[in-house]
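Protein chains: 2
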Amino acid sequence: MEPVDISGGSDHETRVLDAAERLFYSRGIQAVGMDELRTAAGVSLKRLYQSFPSKEALVAAYLDRRDERWLSSLRTFVGDGGVLEVFAWLVQWFGSEDFRGCAFLNAFGELGDQVVRPVRRHKDRLHAYLRELAVREGAPDPDLRADQLLILVDGATVTAMLGRPNAAGAALRLALPDVRV
Amino acid sequence: MEPVDISGGSDHETRVLDAAERLFYSRGIQAVGMDELRTAAGVSLKRLYQSFPSKEALVAAYLDRRDERWLSSLRTFVGDGGVLEVFAWLVQWFGSEDFRGCAFLNAFGELGDQVVRPVRRHKDRLHAYLRELAVREGAPDPDLRADQLLILVDGATVTAMLGRPNAAGAALRLALPDVRV
DNA sequence: TAGAGTAGAGAACGACCGTTCTCCAGTGCA
DNA sequence: TGCACTGGAGAACGGTCGTTCTCTACTCTA
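So the protein sequences, as listed, match chains E and S.
Residue numbering for the first sequence follows this note's numbering, starting at 107 and increasing by one per position.
Residue numbering for the second sequence follows this note's numbering, starting at 107 and increasing by one per position.
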């Protein structure tokens, strides 16, 4: 009898998803073949296709898992804080070695409509979280405030991706003009 | 004797670049093959490769020409105006039928380092123009102001690409908080 | 009219990629 | 020990793509 898998995904799936996230994010989805992925994950091609029946399915799983982890990392960091902490989190993300912009925007640029569903889902979830923060800070129009925060987060992310330093700082000053930096 | 070509590029080149811009922008670069491009441009494969020795060269030419035209469309629209006009231009761009986000960010998401040079060049030129506007409006720190305007323009663009209406309006209110919309 | 040169259409080539298939070594059970 | 089964490694297949090559029709000149 197989050991029970509490997490819902097998060990192999986890290894595949780890490799997929690392390779897809750093080099792009189309630039990474299933064979290279198999090698990186240390899994046979047969197993790979047992876990994910197609590359498209693997890409969807990659994006869904990244959405989950990215947002929960942000939520954890911000905790009971607010907008200021969001941008502090961005600063450390932008400074991380393997930062390459937003995985979802990059995937959309590559694959277009093929991935529009997970990409929209991610941005909608981020928008909902930012709206929570807007409500928490007592914004008069939380929907507008969330729209604006999303624009600032995405704008800072793509700007930072192209090497402009201090993108998060510049965005923060738009979000909170009265904060002394 | 051939007719003299004042523009510096042959008629064929123009046709190829027109087709390239339409197809690359609407469907992505990797999704469009040289053969389909040839058909769309009504040019023989031989001629295509005489004008552009490789797809990579064609992509670079496509991005350079788009940079030129995009920026000059913006400049013309804004004229002697300022930031308000920039966002008015964005509104009509976002509303255009074939709008699909920023061609340069999409290309970078697809091809990464392969196109980083033209992408950076475009964003640098846009940044320089926004800095001009910042100086014109008497911003105390034109560099910071340009950073912020770039974040707003790019943020609004990617947000609009994913179907969020009123991205330009929300961004405008961050750029010019005192404007009554 | 004969012949040389040009350009277009598309076949051909080599490489790669997603996916499937084959073969074989290893394992657990009778 | 023999045997059915599993899983892994990687060969194979079909398709696509960027690029080059071939062949043919046409044109311009002498």
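In this text, a Cβ means the ideal position worked out from N, Cα and C, and glycines have one as well.
Check                                                                                                                          : Outcome
Contact with chain E by S/Ala277, beta-carbon distance below 7 Å                                                               : yes
Beta-carbon gap between S/Val264 and E/Asp260 smaller than 7 Å                                                                 : yes
S/Arg153 versus S/His118 - alpha carbon distance                                                                               : 8 Å
Close-in-space but distant-in-sequence residues of the same chain around S/Phe205 (CB under 8 Å, 5 per side omitted)           : Trp199, Ala266, Met267
Beta carbon of S/Phe193 nearer than 7 Å to that of S/Ala274                                                                    : yes
Contact with chain E by S/Ile135, beta-carbon distance below 7 Å                                                               : no
Contacts that E/Val189 makes with chain S (C-beta to C-beta distance below 9 Å)                                                : Chain S residues near E/Val189: none, gap ~13 Å exceeds 9 Å.
Cβ-Cβ distance between E/Ala281 and E/Val225 below 7 Å                                                                         : no
Between the CA atoms of S/Arg251 and S/Arg242 - distance to the nearest angstrom                                               : 11 Å
contact_flag[the segment 127-136 of chain E, the segment 211-224 of chain E] where n(CB pairs < 8 Å) is 3 or more              : yes
S/Glu174 classed as buried or exposed, judged by whether at least 16 other C-beta atoms fall within 10 angstroms               : exposed
Chain-order list of residues whose beta-carbon lies under 8 Å from that of S/Trp195 (same chain, five-residue window excluded) : Ser179, Leu180, Phe183, Val184
Residue ranges of each alpha helix (DSSP H) within the segment 124-172 of chain S, 4 or longer                                 : 140-147, 151-157
S/Phe130: contacting residues in chain E (beta-carbon distance under 7 Å)                                                      : Neighbours of S/Phe130 on chain E: none; closest Cβ ~12 Å, over 7 Å.
Alpha-carbon spacing of S/Ala166 relative to S/Val221, whole angstroms                                                         : 7 Å
Residue nearest to S/Ala240 in terms of C-alpha spacing, selected from S/Val285, S/Pro248, S/Gly134                            : S/Pro248
Three-state secondary structure (DSSP) of E/Arg279                                                                             : helix
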